[in-house]
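When we follow the numbering used here, the leftmost residue of the sequence shown carries the number 8, and every step to the right adds one. Where a beta carbon is used, it is the ideal one built from N, C-alpha and C, also for glycine. Input: a single structure, listed below in structure tokens.
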Amino acid sequence: MTVSAITPEEFGRIFQSEDFEKLYRCASKNFQQLISLEQFIELAVSFNIGVTYYQIEFKTSLQNLNHYIWLDDRKEKAIAVSFDKRQQIQSLYLKPFITYPESDNRFTQNTYSMPIKGEWFVFRGGTNELINYHYAYESQRYAYDLVKIQDGSSYQNTQIQNEHFYAFDEEIVAPADGKVIKIMNGIKDNIPSEMDAENPVGNYVIIEHTSKEYSLLAHLKKNSIQVKIGELVKEGQYIGKCGNSGNSSEPHLHFQVMDSLDLESGKSLRIRFKDGIEPIQGDTVSNVHEYKDTFDEKFDKVENTFDN
Numbered sequence: 008m009t010v011s012a013i014t015p016e017e018f019g020r021i022f023q024s025e026d027f028e029k030l031y032r033c034a035s036k037n038f039q040q041l042i043s044l045e046q047f048i049e050l051a052v053s054f055n056i057g058v059t060y061y062q063i064e065f066k067t068s069l070q071n072l073n074h075y076i077w078l079d080d081r082k083e084k085a086i087a088v089s090f091d092k093r094q095q096i097q098s099l100y101l102k103p104f105i106t107y108p109e110s111d112n113r114f115t116q117n118t119y120s121m122p123i124k125g126e127w128f129v130f131r132g133g134t135n136e137l138i139n140y141h142y143a144y145e146s147q148r149y150a151y152d153l154v155k156i157q158d159g160s161s162y163q164n165t166q167i168q169n170e171h172f173y174a175f176d177e178e179i180v181a182p183a184d185g186k187v188i189k190i191m192n193g194i195k196d197n198i199p200s201e202m203d204a205e206n207p208v209g210n211y212v213i214i215e216h217t218s219k220e221y222s223l224l225a226h227l228k229k230n231s232i233q234v235k236i237g238e239l240v241k242e243g244q245y246i247g248k249c250g251n252s253g254n255s256s257e258p259h260l261h262f263q264v265m266d267s268l269d270l271e272s273g274k275s276l277r278i279r280f281k282d283g284i285e286p287i288q289g290d291t292v293s294n295v296h297e298y299k300d301t302f303d304e305k306f307d308k309v310e311n312t313f314d315n
């Protein structure tokens with residue numbers, strides 16, 4: 008069967024009209040090896056029952072793939088599809104669209120800045136499982152996974168070394184004033200694509216903030232943490248460097264705020280950010296504290312110029 012192509016915007020209409028063979032022809036050979044046409048049709052027909060239409064809800068691009076999510080008219084079913092640059096389907100997921108409105112409305116009492124310097128890309132983040140796989144787990148529901156990208160990719164040349172990833176060795180800073188209460192600093196960084204499930208968060212720092220809120224900065228680089236337990240830190244203060252330790256397949260930062268320092272029993276809180284943003288997958292974010300400092304420095308220079 009030859010591989011053809013459709014425009015991503017056509018996908019929802021074609022799926023709802025049940026021209027599943029056409030969609031299957033647009034899938035890559037790897038996809039077709041995972042599931043037969045007959046299996047695909049059986050799953051798709053069942054999923055389509057009761058659906059009037061699908062509409063695009065989210066769209067983002069990373070690693071030379073365009074990711075789309077369609078929701079049905081009742082927002083009960085979701086289809087996540089990734090297209091390559093030739094518009095061929097590389098992956099496709101059919102899932103119930105599950106949300107948790109009660110916890111979605113439970114925000115932090117404090118406001119925070121992103122614990123980064125410069126611009127980073129939200130690889131995972133948001134209030135549904137399709138754009139944020141953490142969402143299924145109450146302990147990390149509103150966590151963010153952040154990477155650095157250039158030209159649509161998180162790495163240069165090849166993915167065989169951590170040093171090839173733009174996020175690796177980048178500075179991580181405190182998201183708000185607080186007290187360091189827990190540290191892990193000696194776990195080795197993984198070879199990209201390998202993961203350490205026995206130490207899920209890898210090297211990390213937990214900071215206690217006012218109102219008994221706790222921020223977690225995880226997957227840090229081995230021996231890069233420069234703060235100590237009991238140390239009082241200020242927002243924007245250097246904490247450590249981004250690494251690839253723990254249950255991580257490539258260098259990135261995992262950032263969340265919790266109502267407890269217990270990583271298993273604590274509940275993730277939806278973060279209120281100082282600049283009023285609500286980032287989701289595909290957004291580019293930066294540290295409001297860093298840019299405030301930059302503005303203040305520029306303002307001081309201008310003021311000094313006029314004073315002179």
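Which value, in whole angstroms, describes the spacing of the CA atoms of GLY159 and LEU276? 30 Å
Name the residue from GLN70, ILE179, GLY19 and GLU83 whose alpha carbon lies nearest to the alpha carbon of ASN164. GLN70
In terms of DSSP beta bridges, what is SER275 paired with? MET265
With respect to the beta strand (DSSP E) encompassing SER53, which residues constitute its N-terminal and C-terminal limits? SER53 -> not in any beta strand (DSSP E); alpha helix (DSSP H) instead, spanning 44 to 55.
Could you check the C-alpha separation between LEU72 and ARG32 for me, to the nearest Å? 18 Å
Spatial distance of GLY193 from GLU178 (CA atoms): 17 Å
Please classify ARG131: does DSSP put it in a helix, a strand, or coil? strand
Answer yes or no: do LEU99 and VAL88 have a C-beta to C-beta separation smaller than 9 Å? yes
Go through its chain and collect everything with a Cβ distance to SER222's Cβ below 6 Å, but skip five positions before and after it. PRO182, ILE214 and VAL264
Is ASP196 buried or exposed, if buried means 16 or more other CB atoms sit within 10 Å of its CB? buried
Out of GLU17, PRO103, GLN233 and THR118, which one is the CA nearest neighbour of PHE280? THR118
Note down, one range per segment and in chain order, each beta strand (DSSP E) of at least 3 residues found wholly within the segment 139 to 227. 151 to 154, 178 to 180, 185 to 191, 210 to 216 and 220 to 227
Which residues mark the beginning and the end of the alpha helix (DSSP H) in which SER110 is found? 108 to 111
Per DSSP, what are the beta-bridge partners of HIS74 in this structure? THR67 and SER89
DSSP three-state call for ASN254: helix, strand or coil? coil
Would you mind stating whether PHE130 and LEU153 have Cβ atoms separated by less than 9 Å? yes
For ILE21 and VAL58, I'd like the C-alpha separation in whole angstroms. 13 Å
Within this structure, are the beta carbons of ILE138 and ILE284 separated by less than 9 Å? no
Can you tell me which residues form a DSSP beta bridge with TYR119? PHE280
Beta-bridge pairing of GLY247 - partner residues as DSSP gives them: ILE179
Among all the DSSP beta bridges, which residues are the ones paired with ASP335? Past the boundaries of the shown model lies residue 335; the chain is included only from 8 to 315, so the question cannot be answered.
Exposure of PHE40, with buried meaning 16 or more beta-carbon neighbours within 10 Å: Looking at the sequence provided, one finds Gln at residue 40 rather than Phe. Burial call: exposed.
Closer than 8 Å by C-beta to LEU268: which residues in its own chain qualify, once you throw out the five before and the five after it? Chain order, please. ILE188, LYS189, ILE213, GLU215 and TYR221
CB-CB under 6 Å to LYS66, same chain, minus the five flanking residues each way: which ones, in chain order? TYR75
Quick test of your reading: VAL208 and ALA225, contact by CB under 8 Å. State the CB separation rounded to the nearest angstrom. 4 Å
What does a CB cutoff of less than 7 Å around PHE47 pick up in its chain, not counting 5 residues either side in sequence? PHE27 and TYR31
Take the Cβ of ARG81 as the centre, count every other Cβ of all protein chains shown within 10 Å, and call the residue buried at 16 or more, exposed below. exposed
Alpha carbon to alpha carbon, what distance is there between ARG113 and ALA85? 24 Å
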